[in-house]
Amino acid sequence: MWGFLLRRLGHAALVLLVVSTVTFAIVHAAPGGPSLLADPKLSVAEREAIESRLGLDQPIPVQYARWLSRLVRGDLGNSFLFESSNVSTIRSRLPNTLLLAGTALMLTMLVAIPLGAWSAERPGGWIDRVCNAFAFVAMSVPTFWLGIVLVLVFAVHWQLLPAGGASTVGVAGSVSDRLRHLTLPALVLATVGTAELFRYTRASARGVFGLAFVRTARAKGVSERGVRWRHGMRNALLPIVTVVGLQLPRLVGGAAITETVFSWPGMGRLGIEAALARDYPLVMAITLLVSAGVLVCSLLVDLAYFALDPRAHPDR
Amino acid sequence: MTTSRAAWCGMTLGALAAVTSLACEGGEKSAADSARSRRLATDSVAGSVTSGGVLRIALINDPIFDPVIAPDLGSVMLNKIIFPGLVRPDEQLRPTPDLAASWTAADDGLSYTFALRPGITWHDGAPFSARDVKFTFDQIIDPTSGSRLRSDFAAVAGTDILDSLTVRIRLKTPFAPFLTLLGYNTGILPEHLLKGAPLTQATDFNRRHPVGTGPFKVEEVVPGASVSLVRNPRYYGAPPHLDRIVFKIVSDVNAQVAQLRAGELDLITVEPATLASVHDVKGVTLLQVPVVQHYYVAFNVARPMFASPVVRRALGMAVDRNAIIKGVMRGYADAPRGTIPVVLRAFFDDSIAPIPYAPDSARALLASVGWTAGTDGTLHNAKGAPFAFSLLVDKGNPTREQTALAVQQDLRKIGINVTLRTMEFSALVRDHVLPGKFDAHVIWWTTPPDPDQYAFYHTGQDNNNVRWSNRTADSLLSLGRVTMDVAKRRAIYRAFQRLEMDDPPVLVLFYPREIQAVSTRLHGLPSLGIRDALRYSERFSIREP
């Protein structure tokens, strides 16, 4: 097990290095350049002063070497946009994203997995039909459209819930206020994920429920509940874990469209802002964080596999 | 320059209007309607004003609290409130006293002496003095400070403290726009908090705890979400009415509109393409204000195709500006006569007739310089080369994209083949406009409220991106900067305006009006663009209907 973890750690370091190099090359190759230099009113002298202050007058390999040497010393650099450290910028956004994406993921799992299992048990039954219809619609509706419709209905028309933001400005952190702001974006963010996960769960469970060992379990007199959950679903969960694992990086990366529609101060919007403004240091910092998040999530998925399926365990 | 909005705005609104009955019906508010609402909004200021209340304004990006280093719209809006300048513009955009109670200009125009208003304190309680003014101007002209106001104040030679409340700013040459620029983006910074380190490194000040002298001070900053300002009880001017001003960071225009309609925002600015969604909404008034901007098609005069003034004049006649003003701007723009916008009334010559839409005359003019129509109607020169070029426009802004499309279609009608290319604004500017790698592009200038356009249209200047050069214009623009007498200046800029009719530096499309969608609860907003209006935040008040 420890050897496995060490190997994975080595892989992770390598992957991060490759990702950072490629990202650095891509962001510098993108047309335009840092937005603070894209002001047509800047004089040549002003532009040169800014370039030299930010080190942009150096050749790109030198800039990369400088960035890397700072990174090794634990310094993620300063943002062009915010004129402040990237760590503090990310730290101010990450909790909001964890809250929103975490809530959405919980909702997704709590709704999709039981419904998927029920649907699989009686394919063609009314639960199955209703859920499938819902999943079909939910997967087809564009996120921004759903978001704006919900805002128009619940915030503009009925005025039940706030139209945007993570909390009412000036109201000191009340839980109910945070929940009210969280409801619509979490619902929107959970919708597509729920539909996808429902379809996967249903397909996976249907496959497993038809297998011989399930029949054997029934034949030896295990209760229907036990058949479904202890024998059936435990095996059906393997592909589901992978699907959930794929959704996990959103916890750090944020969901750009949902965050934009609900002006939610999270990582997704920050990433978009940084990319549009060609804020090289911030783009690099976010990319590194999200890549690390993806690596951690895929490790978690593997560990979950070991727990669910002893045959996959590395020490076996 | 304002940043462009997401490309899918138009799509969203279209889809919404079709599907949900909650989306409002189309149709535009007429100019007369708006003028009436504007009167209502200002009339009510005269009556009794209630104190208290919170005003909520949309902001598109996180601000940097420092007027000297931050040029973006979000920062400018906040800094106008937090950091007053020596003067501020009145509704006619003329400088009036602010931190300075009065001033005198030397007869030779080479220095200005300001008598500061006594008894002003910074938000932290420290006294404001001439030292702060000197510190700010030293920073502005320092090439290493990160100052974005350096080229505005290139004429400044230095600042002398005469006593604690008197300061003299010395100029290298007489500089007529000086006072106007002082009231534009030039907020005064506190020396006692910022001395000793580059302005760009004062992170705690710039991002969280700025200290100014304005009517409201920063109470709380939530990155990516909001900036709350609270009334400054020590404000030197008339006591502010509002308790608080909250700036909510809402980058998406649809989200801004939704929050305005939900009563969660009181003031947003909208583009003509978004008008339908704020029109006829209960509790929302539409106001319009002419702003100091000109939108234009830039032709690269360094390219032989556009070198002749005759060609540029002909192109100007081939574009139907009134159709663009009506169709794209929904009437929220004024017809142009040169590059000096109509809002600068003291300098604008409205006796000049606007360039007519006359495609036939345009064709005749082009034929006179060798561009003749072939059998298929397209224009060719003597060598048989077709009149064809590419027109660049930034992606995502419906106003500019639709304008570029209209220009393309109008020019096609007289046989010119225009290829449209859209790209991100930063790519347009950095890769094409600044290095001069373009045939033509659609863009705009936002200028200080002064007719001085030396930086944009004088030969060889940094911002003369079209490479236009006209000797007479050069001497007029140089003279206009050093002439202090208003009547003489007026004559100079009117001569420049007439010259632009014969040798157009750019194809001016329109002077836009800013559209403000404002909650009917808000009163006391001066008739100024949002940036300048925020210089009067102490006059704003909230009254529940």
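Protein sequences appear in the order of chains A and B. Those letters in the first sequence? Residues -9 to 306, by my numbering. Those letters in the second sequence? Residues 584 to 1128, by my numbering. C-beta: ideal position from N, C-alpha, C; glycine also.
Using the three-state DSSP reduction, which class does residue i fall into: helix, strand or coil?
| i | result |
| --- | --- |
| Thr578 of chain B | Nothing in the structure corresponds to residue 578 of chain B, since chain B is present only between 584 and 1128. |
| Ile752 of chain B | strand |
| Asn1046 of chain B | coil |
| Gln991 of chain B | helix |
| Ser25 of chain A | helix |
| Tyr818 of chain B | coil |
| Phe972 of chain B | strand |
| Trp686 of chain B | strand |
| Ala202 of chain A | helix |
| Lys966 of chain B | coil |
| Asp977 of chain B | strand |
| Ser604 of chain B | Low local confidence applies: a pLDDT of 31 at Ser604 of chain B is under 50, so the model's placement there is unreliable, with the coordinate-based value given in what follows. Looking at Ser604 of chain B - three-state DSSP - the assignment turns out to be coil, as it is neither helix nor strand. |
| Leu732 of chain B | coil |
| Thr277 of chain A | helix |
| Leu1017 of chain B | coil |
| Met594 of chain B | For Met594 of chain B, the predicted model reports a pLDDT of 33, less than 50, meaning its position is unreliable; a value from the coordinates is still stated below. In this structure, Met594 of chain B counts as helix in the three-state DSSP scheme. |
| Asp835 of chain B | coil |
| Asn68 of chain A | strand |
Identify the contact partners of residue i in chain A, using a Cβ-Cβ distance below 7 angstroms as the criterion.
| i | result |
| --- | --- |
| Pro1088 of chain B | Simply none; closest approach about 15 angstroms. |
| Phe1008 of chain B | Ala28 |
| Asn1046 of chain B | Pro30, Lys31 |
Assuming residue i and residue j are in contact, meaning their beta carbons sit under 8 angstroms apart, how far apart are those beta carbons, in whole angstroms?
| i | j | result |
| --- | --- | --- |
| Leu1003 of chain B | Ala989 of chain B | With a Cβ gap of about 11 angstroms, Leu1003 of chain B and Ala989 of chain B do not count as contacting. |
| Ala713 of chain B | Thr749 of chain B | 6 angstroms |
| Pro1095 of chain B | Val874 of chain B | 6 angstroms |
| Val141 of chain A | Leu174 of chain A | 7 angstroms |
| Val861 of chain B | Ala1100 of chain B | 4 angstroms |
| Ala35 of chain A | Pro726 of chain B | 7 angstroms |
| Leu949 of chain B | Ala897 of chain B | 5 angstroms |
| Phe(-6) of chain A | Tyr54 of chain A | The Cβ separation is near 32 angstroms, so there is no contact. |
| Leu253 of chain A | Ser834 of chain B | Going by the sequence as given, residue 253 of chain A is Ser instead of Leu. At roughly 7 angstroms, the Cβ-Cβ gap stays under 8 angstroms, so Ser253 of chain A and Ser834 of chain B are in contact. |
| Thr982 of chain B | Ala856 of chain B | 6 angstroms |
| Ala545 of chain B | Thr1066 of chain B | A question about residue 545 of chain B goes unanswered here, because the residues of chain B that appear run from 584 up to 1128. |
List, in chain order, every chain A residue whose beta-carbon is nearer than 9 angstroms to that of residue i.
| i | result |
| --- | --- |
| Gly636 of chain B | Ordered by position in chain A, no residue passes the 9 angstroms Cβ test against Gly636 of chain B, which lies about 12 angstroms from the chain. |
| Asp1057 of chain B | Those do not exist, as Asp1057 of chain B stays about 18 angstroms from chain A at its closest Cβ, beyond 9 angstroms. |
| Lys831 of chain B | Gly154, Gly155, Val159, Ser253 |
| Ser734 of chain B | Lys31, Leu32, Ser33, Ala35, Glu36 |
| Ile640 of chain B | In chain order: nothing, as chain A lies at least about 11 angstroms away. |
| Ser834 of chain B | Thr250, Ser253, Arg259, Ile262, Glu263 |
Starting from residue i, trace the beta strand (DSSP E) both ways and give me its first and last residue.
| i | result |
| --- | --- |
| Lys831 of chain B | 827 to 832 |
| Asn1000 of chain B | 1000 to 1006 |
| Trp1028 of chain B | 1023 to 1029 |
| Thr696 of chain B | 694 to 699 |
| Gln871 of chain B | 867 to 873 |
| Thr679 of chain B | 678 to 680 |
| Ser1052 of chain B | Element bounds for Ser1052 of chain B: n/a, residue is neither H nor E. |
| Pro1095 of chain B | 1090 to 1102 |
| Ile997 of chain B | Here Ile997 of chain B belongs to no beta strand (DSSP E), and DSSP marks it neither H nor E. |
| Pro672 of chain B | 670 to 672 |
How would you label residue i, buried or exposed, when you count the other beta carbons within 10 angstroms and need 16 or more for buried?
| i | result |
| --- | --- |
| Phe1123 of chain B | buried |
| Ala624 of chain B | Legend: pLDDT at Ala624 of chain B = 41, less than 50; position of this residue unreliable, value from coordinates given subsequently. Buried is the call here. |
| Asp707 of chain B | exposed |
| Tyr1119 of chain B | buried |
| Ile117 of chain A | exposed |
| His1015 of chain B | buried |
| Glu1127 of chain B | exposed |
| Lys909 of chain B | exposed |
| Met(-9) of chain A | exposed |
Closer than 6 angstroms to a non-hydrogen atom of the ligand MG - does that hold for the CB of residue i?
| i | result |
| --- | --- |
| Ser973 of chain B | This structure simply doesn't include the ligand MG, nor any ligand for that matter. |
Cβ closer than 8 angstroms: which chain A residues qualify as neighbours of residue i?
| i | result |
| --- | --- |
| Arg790 of chain B | Phe72, Glu73, Ser74 |
Return the first residue and the last residue of the alpha helix (DSSP H) that residue i is part of.
| i | result |
| --- | --- |
| Thr181 of chain A | 165 to 199 |
| Val9 of chain A | -8 to 19 |
| Gln784 of chain B | That residue, Gln784 of chain B, is in no alpha helix (DSSP H); it is neither H nor E in DSSP. |
| Leu227 of chain A | 224 to 237 |
| Gln949 of chain B | Residue identity differs from the one stated: residue 949 of chain B is Leu in this sequence, not Gln. Start and end: 942 to 951. |
Along chain B, which residues have their Cβ under 7 angstroms away from the Cβ of residue i?
| i | result |
| --- | --- |
| Ala156 of chain A | Ala808 |
| Ile230 of chain A | Neighbours of Ile230 of chain A on chain B: none; closest Cβ ~32 angstroms, over 7 angstroms. |
In chain B, what lies closer than 8 angstroms to residue i by C-beta?
| i | result |
| --- | --- |
| Thr79 of chain A | Pro806 |
Report the neighbours of residue i on chain B: residues whose CB is nearer than 9 angstroms to its CB, in chain order.
| i | result |
| --- | --- |
| Arg56 of chain A | Correct list: empty, because the minimum Cβ distance to chain B is about 18 angstroms. |
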